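Notes for the one structure printed next.
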Amino acid sequence: DYLMADADPRALTNPTLVIEVLSPSTADHDRGTKYEHYRTLPSLRDYVLIAQDAVAVEHRERVDGNTWLVRHLTEGALELKSLGIRLPLDEIYADLDRVPHVEGT
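The sequence shown stops at residue 708 when you use the working numbering, and every number in between is there.
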């Protein structure tokens with residue numbers, strides 16, 4: 604069951620997955636303060652940060668209680684075990700023109 608926030612009926616209070624598209628002005632906030640808030644939600648299993656200026660995805664997966672596994676992806680696929688889906692990075696970035704691949708991450 605989805606639980607909506609009283610203050611904002613567009614916001615879930617029990618998400619399984621949160622995806623953020625990073626921008627230069629919000630990247631540090633998304634990786635820091637926002638992540639620290641989201642990780643307190645017991646329902647959250649995956650926190651995904653997607654770069655918009657390069658093929659680069661950061662996947663934080665809750666593996667046990669307060670233990671999180673962090674993956675930095677520049678190729679292959681994003682696997683969201685909590686939802687049973689696999690998203691190839693080529694498909695995530697398919698409609699973007701000439702987004703460079705990040706080397707060595």
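Backbone N, C-alpha and C fix where the C-beta goes; we use that ideal spot for every residue, glycine too. Note that the coordinates shown come from a computational prediction; the quantities given were computed from them, not determined experimentally.
- In this structure, the CA atom of Gly687 is about 12 Å from the CA atom of Leu620.
- Taking C-beta separations shorter than 8 Å and ignoring five residues to either side along the sequence, the partners of Tyr638 in its chain run Tyr650 and Arg663, following chain order.
- For Leu672, the number of other beta carbons within 10 angstroms of its own is below 16, and it is reported as exposed.
- Contact annotation: Gln655 and Leu692 have beta-carbon atoms that are not nearer than 8 Å.
- For Tyr650, the uninterrupted beta strand (DSSP E) run begins and ends at Asp649 to Ile653, by DSSP.
- Put simply, of Arg613, Ile695 and Leu606 the residue whose alpha carbon is nearest the alpha carbon of Ala657 is Ile695.
- In this structure, the beta-carbon distance from Thr677 to Ala659 falls below 8 Å.
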